[in-house]
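Below is one structure; the comments refer to it alone.
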Amino acid sequence: MASNAAVPFWRAAGMTYITYSNICANLVRNCLKEPYKTEALTREKVHFSISKWTDGKPEKPTIRSDSPED
Amino acid sequence: MGLAGVDMVIVPATTGQMGVLPGHVATIAELKPGVLSVHEGNETTKYFVSSGFVFIHANSFADIIAVEAVPLDQIDANLVQKGLVEFTQKLSSATTDLEKAEAQIGIDVHSALNSALTG
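Protein chains in written order, with my numbering: chain A, 365 to 434; chain B, 279 to 397.
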């Protein structure tokens, strides 16, 4: 199956769908009235730990805790 | 949002507003920022969806997957206007493709929010 429709502009600029979707969601959250806006900002927080694996063993994990602003 | 039996939903697909009735052919569609309206009897409930997908199953079940879906009355019109102006300016001052894409996304989302509030 060859490609059908034109590539969306964000894909052409090198962005993935998930980045696009998260940017859209952040923009919508920033346009909310209070108190919905403060509730929404709590949904933007992420908290996860990553470990790189070498030779079948995990190295020390790093914890990523992002705030809404990149 | 949860499970409910309704008469029709109109979803903002990337190909345009799509009306989904019971018996709709099984489809997966990508959604663009826009208004989702749920029609039941004489009542319509509208939500703004930031982006996502709709899965329409063969047995007349439809799943709408969105990162953010807000009732229209939670949107602040002033913030939408400010955002639209801000991103229009960002587009004219953007240099890299990525900056232009981000500014364009900002314009698309804020215009969609604006039409949702005024439409």
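Ideal Cβ placement from N, Cα and C applies to all residues, glycine included. Only a predicted model underlies this, so the values are computations on that prediction, with no experimental measurement involved.
Check	Outcome
Through-space distance from residue 365 of chain B to residue 434 of chain A, alpha-carbon basis	Here the model assigns residue 434 of chain A a pLDDT of 45, short of 50, so the residue's position is not dependable, and the following value carries that caveat. Answer to the nearest angstrom: the Cα atoms are 17 angstroms apart.
Of the residues B/376, B/301, B/397, the one placed nearest residue 372 of chain A, counting alpha carbons only	B/376
Of the residues B/298, B/309, B/324, the one placed nearest residue 397 of chain B, counting alpha carbons only	B/324
Environment of residue 326 of chain B [buried if 16+ CB atoms lie within 10 Å]	buried
Sub-8 angstroms separation of residue 404 of chain A and residue 396 of chain A beta-carbons	yes
Chain A residues whose Cβ lies nearer than 7 angstroms to that of residue 382 of chain B	373
Three-state secondary structure assigned by DSSP to residue 373 of chain A	helix
Three-state secondary structure assigned by DSSP to residue 388 of chain B	helix
Distance, residue 291 of chain B Cα to residue 394 of chain B Cα	15 angstroms
Any C-beta of chain B under 8 angstroms from that of residue 370 of chain A	no
C-alpha distance - residue 358 of chain B paired with residue 421 of chain A, whole-angstrom precision	49 angstroms
Of the listed residues B/288, B/378, B/299, B/312, nearest to residue 336 of chain B (C-alpha basis)	B/299
Ordered list of beta strand (DSSP E) runs contained in the region 383-426 of chain A, each at least 3 residues	410-414
Under 8 angstroms from the C-beta of residue 375 of chain B: neighbouring residues of chain A	376, 377, 378
Beta carbon of residue 343 of chain B nearer than 8 angstroms to that of residue 305 of chain B	no
Three CB pairs or more closer than 8 angstroms across the region 409-418 of chain A and the region 366-374 of chain B	no
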